[in-house]
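The sequence shown begins at 427 in our numbering and counts up by one. Quick reminder that beta carbons are idealized off the backbone N, C-alpha and C, glycines included. Report on the structure given below.
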Amino acid sequence: MKKFKATIEIIGVNPYVLLPETVLNNLFKEAGKDKGPIPVKGIIEGHAYVQTLVKYRGKWRLYINGPMIKTAKKDVGDTVNMTVEFDAAERTHTIHPKLAKALLKNKEAKKVFEKLSPYKQKEIIRYINHLKSKEAVERNIKRAISFLLEKERFIGRDKP
Numbered sequence: 427m428k429k430f431k432a433t434i435e436i437i438g439v440n441p442y443v444l445l446p447e448t449v450l451n452n453l454f455k456e457a458g459k460d461k462g463p464i465p466v467k468g469i470i471e472g473h474a475y476v477q478t479l480v481k482y483r484g485k486w487r488l489y490i491n492g493p494m495i496k497t498a499k500k501d502v503g504d505t506v507n508m509t510v511e512f513d514a515a516e517r518t519h520t521i522h523p524k525l526a527k528a529l530l531k532n533k534e535a536k537k538v539f540e541k542l543s544p545y546k547q548k549e550i551i552r553y554i555n556h557l558k559s560k561e562a563v564e565r566n567i568k569r570a571i572s573f574l575l576e577k578e579r580f581i582g583r584d585k586p
């Protein structure tokens, strides 16, 4: 586990930190790769986190989500004390039963969903799974089906 300090920056609405090059190279070595998303875990200001390191616009970014910001009691522009290491634990996401049912009812949407990259499938599944209320799940499943049929945007994307 590597310790470092970083300043929370923001791109769009997404806070993130950049890792020092030595820490980044160590992660690549631990993960056995330097391409594609890299699952990581660590501690931010004394609180554990699980996240994914991703390369976006030429930089490897460790996004700082809402719960991480809240528990760290920090914000954009602040410096945080962190640790990070490769997380070899299996990360699986099961499809929400209501989403599975909706896809079974709409064969065309199901075909599009099955042709999506595994990452895009996981993105939709995770989004639906993290919704809190029954109403939000139902509303967003309808939006997901419309998205798959190229009728509306969903999860910040124009087309599947």
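Quick check on residue i: buried or exposed, where buried means 16 or more other Cβ atoms within 10 Å of its Cβ?
i, result
"V476", "exposed"
"R487", "buried"
"M427", "exposed"
"H473", "exposed"
"A562", "exposed"
"L530", "exposed"
"N451", "exposed"
"P446", "exposed"
"K535", "Note on residue identity: the sequence assigns Ala, not Lys, to residue 535. Buried, because 16 or more other Cβ atoms sit within 10 Å of the Cβ of A535."
At which residues does the alpha helix (DSSP H) containing residue i begin and terminate?
i, result
"P523", "P523 to K531"
"M494", "G492 to A498"
"E511", "Per DSSP, E511 belongs to no alpha helix (DSSP H); it is in the beta strand (DSSP E), T505 to F512."
"L574", "K560 to L574"
Quick one: give me the first and last residue of the beta strand (DSSP E) that residue i is part of.
i, result
"T433", "K428 to T433"
How about residue i and residue j: do their beta carbons lie closer than 8 Å?
i, j, result
"L479", "I495", "no"
"V402", "E435", "Outside the displayed span of the chain (427 to 586) sits residue 402, for which this structure offers no information."
"K548", "H519", "yes"
"I581", "Y545", "no"
"G468", "V510", "yes"
"V449", "V506", "no"
"K499", "E471", "yes"
"K524", "E564", "yes"
With a cut-off of 8 Å on the beta carbons, I'd call residue i and residue j a contact; round off their distance for me.
i, j, result
"F512", "V466", "6 Å"
"H522", "I551", "7 Å"
"I567", "A515", "Their Cβ separation, rounded to whole angstroms, is 28 Å, which puts I567 and A515 out of contact at 8 Å."
* To do: May I ask you to verify whether the region 574-583 touches the region 534-548, counting CB pairs closer than 8 Å and requiring at least 3?
  => Segments in contact, yes.
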